[in-house]
Amino acid sequence: MFKLLISIFSLNLFLIEQTKTQSSKDKQDICYGLVLKGGANRGAYEAGAIKALVDKLESDKVQYDVVSGISVGALNAAHVASYVKGDEKLMAEDLVYRWKNMTSDKLFQSWRFGFIEGLFYHQGLLDNSPLHEYLNKSFAARPCCKRKIHFNSVDTNSGNIVSFDEKTLAQDLIKGLVATSSVPFVFPGLKIQDTLMIDGGVAWNLDVASAILKCREVVDSDSKIVLDIIDVDRKLDKVKRLNYTTEQGTIKNIIRYLEIKKYHHRMNDMIEIETAHPDVKVRYRIIPKYQLDPVYKELTFDENLIDNLIQQGYDDAIEAIDTQKERLLKYR
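Heads up: the sequence shown is residues -21 to -1, 1 to 311, going by mature numbering (1 follows the signal peptide of the UniProt record, and there is no 0).
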């Protein structure tokens, strides 16, 4: 009996070691992740940047295993994830094409009696039900997801973050995409079961952490994770370095306060991520070289404006590639 127990114990140890070995073999050598930010029509900027990355980098260096996004970044992420790895050229071309042909009526419409109806009888000034229809048509033609994806929405009842990924059922995924794009006050939240879901950017507008966690499903070490981050907000040290005086006035002071607060909130997020995951490599962080249009124009889909955003994203990504070639060589 004792010998039998020893044999069973030894067999169990062997099977455990075999499982660990097989699990290790199943892991990849590297995980490429793409992180996209929210910002309405600034999704066109992201499309241009993605096109540049695909055009200029070696094909295997843009076969993203993981895509994470918030708000419009989630919409772009879902588009990327709807293509299999290896189809990045077609994916990028189609994304730019979609943005060049984007019109506001595909995303939202006015209520019958305009803003007044939205203000007093709905939860948002505009009706974003066309977005739901647009996404249904898009993913009926090309279902998601063929690579790992992650995006968040926020439950207004509890204040908790609700996550969606490639394992989410197709119809729930579409609802989640609508929810994460439902900017409070502008659009109504989306009711999903007993919860009212709103824009994921309320909690976190650049979700690097989730991209890292998703990559850890693919690789066994942070040191094997390489991220490209497309951020649609400019660095403060390159924007509006003004000599403020007591003559600037209250409104300008408030605007400056919000600008500085937003910058430090964004940078603190990155610092916390870098502290928690020092071995993760950020290959490119693409940030607008020039100030994009102000917030009140984010829901404008004028053809020239969209073309300019796409081109600026493309140019900024090219500049990032050209100025970081030495860093790129380390990941080959």
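Glycine included, C-beta positions come from ideal geometry on N, C-alpha and C. The structure presented is a predicted model; accordingly, all values stated were derived computationally and were not measured.
Three-way DSSP call (helix, strand, coil) for residue 271 in this model: coil
Selection from 183, 167 and 13 that minimises the alpha carbon distance to residue 110: 167
Continuous beta strand (DSSP E) assignments of at least 3 residues falling wholly in the segment 161 to 209: Counting whole runs of 3 or more residues, the segment 161 to 209 contains the beta strand (DSSP E) stretches 169 to 171, 174 to 177 and 204 to 209.
CB contact flag (residue 78, residue 18, <8 Å): no
Residue 117 in three-state terms, based on DSSP: helix
Bridge partner(s) assigned by DSSP for residue 236: Per DSSP, none; premise fails for residue 236.
Cα-Cα separation, residue 113 to residue 83: 11 Å
Among 288, 173, 16 and 206, nearest to residue 160 - alpha-carbon criterion: 16
Neighbour-count burial assignment, residue 58, 16 or more Cβ in a 10 Å radius: buried
Residue 196 burial status per 10 Å Cβ neighbour count (16 or more: buried): Result: exposed.
Top-ranked residue by Cα proximity to residue 152, from 296, 71, 61 and 85: 61
Given 8 Å, three or more beta-carbon pairs between the segment 69 to 76 and the segment 24 to 38: yes
Exposure of residue 267, with buried meaning 16 or more beta-carbon neighbours within 10 Å: A buried status is given to residue 267, since no fewer than 16 other beta-carbon atoms sit within 10 Å of its beta-carbon.
Own chain residues within Cβ distance below 8 Å of residue 157, not counting five before or after: 107, 110, 111, 114 and 169
Contacts around residue 218, its chain only, beta-carbon distance under 6 Å, and the 5 residues preceding and following it disregarded: Residue confidence for residue 218 is low, a pLDDT of 45 falling below 50, so the modelled location carries little weight; the figure read from the coordinates is stated next. Hits under 6 Å: 270.
Straight-line gap, residue 165 to residue 98 (C-alpha atoms, nearest Å): 9 Å
C-beta contact flag for residue 259 and residue 206 at 8 Å: Their beta carbons are under 8 Å apart, which means residue 259 touches residue 206 by this criterion.
Every unbroken beta strand (DSSP E) within the segment 76 to 100, with a cutoff of 3 residues, ordered by chain: Within the segment 76 to 100, no run of beta strand (DSSP E) reaches 3 residues while sitting entirely inside it.
Residue burial classification, residue 120 (beta-carbon count within 10 angstroms, cutoff 16): By the 10 Å Cβ count, residue 120 comes out exposed.
Coarse secondary structure for residue 231, derived from DSSP in three states: helix
Rounded Cβ spacing between residue 94 and residue 86 (contact assumed at less than 8 Å): About 17 Å; that fails the 8 Å criterion.
Span separating the alpha-carbon of residue 294 from that of residue 13: 18 Å
Under the three-state DSSP convention, the category residue 154 falls into: Here DSSP, grouped into helix, strand and coil, assigns residue 154 to helix.
DSSP bridge partner residues for residue 20 (one or two, in chain order): Paired residue(s): none; residue 20 is not in a bridge.
For residue 106, the residue or residues it bridges with in DSSP: 88, per the DSSP bridge assignment.
Residue 50 - DSSP class collapsed to helix/strand/coil: coil
Endpoints, alpha helix (DSSP H) assigned at residue 295: 282 to 302
Close beta carbons around residue 193, own chain, < 6 Å, minus the five adjacent residues each side: Correct list, in chain order: 45, 127 and 129.
From 239, 237 and 296, residue whose alpha carbon lies closest to that of residue 264: Ranking 239, 237 and 296 by Cα distance to residue 264 puts 296 first.
Through-space distance from residue 204 to residue 191, alpha-carbon basis: 7 Å
CB-CB length for residue 11 against residue 43, believed under 8 Å: 5 Å
Reduced DSSP category for residue 131 - H, G, I as helix; E, B as strand; rest coil: Residue state, collapsed to three classes: strand.
Three-state class that DSSP yields for residue 40 in the structure shown: When DSSP states are grouped into helix, strand and coil, residue 40 belongs to the helix group.
Residue 74 in three-state terms, based on DSSP: The three-state secondary structure of residue 74, taken from DSSP, is helix.
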